[in-house]
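Residue numbering for the sequence shown follows numbering that gives the first Met the number 0, beginning at 0 and increasing consecutively.
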Amino acid sequence: MKKYIIGNWKMNLDYSESKALIQDIAKAKDNFGPDCEIVVCPSMPFLSVFHELLKNNDWIQLGAQNMFAKVAGAYTGETSPSQLTSIGVKYVLVGHSERRQDFGEDNKLILAKVKAALSANIIPVFCCGENQQVRKSNVFKEFIMKQIEDVIFELTAQEAEKIIIAYEPIWAIGTGLTATAAQAQEIHALIRLRLVKQFGEKTGASIPILYGGSVKPENAAELFAEKDINGALIGGASLEAAGFSEISNAQL
Ligand code: PGA
């Protein structure tokens, strides 16, 4: 399976800063690892301009950080999946912990978004993960599995084949605290096992499972060495082209 390297710029960088970063990334093609799918998720208003800008750089894909679950209509301020498709967006983050925490997104809405993305031919990157309190409570595995069951297990095998899962322990996001490679692999292996049980060996084994939470050039190699870690969803360290490309190359 190819390695997925997805940069989530969140609500950072204004237009000229974002443009400079995307140009830096485009210029650094040779620094990116082979067999990697490179995806950047800038802020929504810049996506269509960046699609034009990347015309000769089809090795970089665009992702949106969010979208709404409806096709069209009176939903002031929202963006539909088909609107994203129409400007060349290939991926969308769904259920990021910041959306869950700060915007009250629940598994029901997240499932609707995943399905809407799939029907518009956008690949949803479904995020799951526990906060520190849940991690300490010792039912954290059940908690993560419930997020998977409520959303991913509602899909058919054909739908599930088209998604990406990102495990992002909330206590490791933007905190500098990374889950150890062993801690991450433990959860990834569990997710993989459940996917295979639910959808069968072929589909279950084909769904990429990315790790997110303070991934940096210094810890990426150790994480990527784990059997069930198929790439990374990167926040802070994706805001700089050199670090971002270094992560894509990381190997032990
Ligand atoms: P971080 O963010 O790499 O800054 O921890 C990851 C994410 O929220 O996707």
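Ideal placement from N, C-alpha and C gives every residue a C-beta, glycine not left out.
Nearest-angstrom Cα separation, counted from residue j out to residue i
i: valine 48; j: tyrosine 14; result: 10 Å
i: asparagine 130; j: tryptophan 170; result: 5 Å
i: serine 81; j: phenylalanine 67; result: 10 Å
i: phenylalanine 125; j: alanine 159; result: 11 Å
i: isoleucine 147; j: serine 79; result: 24 Å
i: glutamate 221; j: glycine 230; result: 12 Å
i: isoleucine 164; j: proline 216; result: 21 Å
beta-carbon residue i near ligand 1 non-hydrogen atom, thresh 6 Å
i: asparagine 56; result: no
i: glycine 62; result: no
i: serine 244; result: no
i: isoleucine 122; result: no
i: serine 213; result: yes
i: isoleucine 172; result: yes
i: leucine 110; result: no
i: asparagine 229; result: no
Spatial neighbours of residue i in its chain, beta-carbon cut-off 7 Å, leaving aside the 5 residues before and after
i: aspartate 227; result: Gln184, His187, Ala188, Arg191 and Ile208
i: phenylalanine 139; result: Glu129 and Val133
Residue(s) in a DSSP beta bridge with residue i
i: glutamine 60; result: Val38
i: lysine 2; result: Cys35
i: leucine 289; result: What the structure shows of the chain is the stretch from 0 to 251, and residue 289 is not part of that stretch, so it cannot be assessed.
i: asparagine 7; result: Cys40
i: alanine 165; result: Cys126 and Leu209
Neighbourhood of residue i by C-beta, 8 Å cutoff - its chain only, sequence neighbours within 5 removed
i: lysine 196; result: Gly203
i: asparagine 248; result: Asn30, Phe31 and Gly32
Buried/exposed call for residue i, threshold 16 Cβ in 10 Å
i: tryptophan 8; result: buried
i: leucine 176; result: exposed
i: proline 44; result: exposed
i: serine 85; result: exposed
i: lysine 54; result: exposed
i: leucine 251; result: exposed
Cβ-based neighbour list, residue i, same chain, cut-off 6 Å, excluding 5 preceding and 5 following
i: valine 38; result: Ile5, Gln60, Gly62 and Tyr90
Cβ of residue i within 7 Å of any chain B Cβ
i: valine 88; result: Absent from the structure: chain B. Only one protein chain is present.
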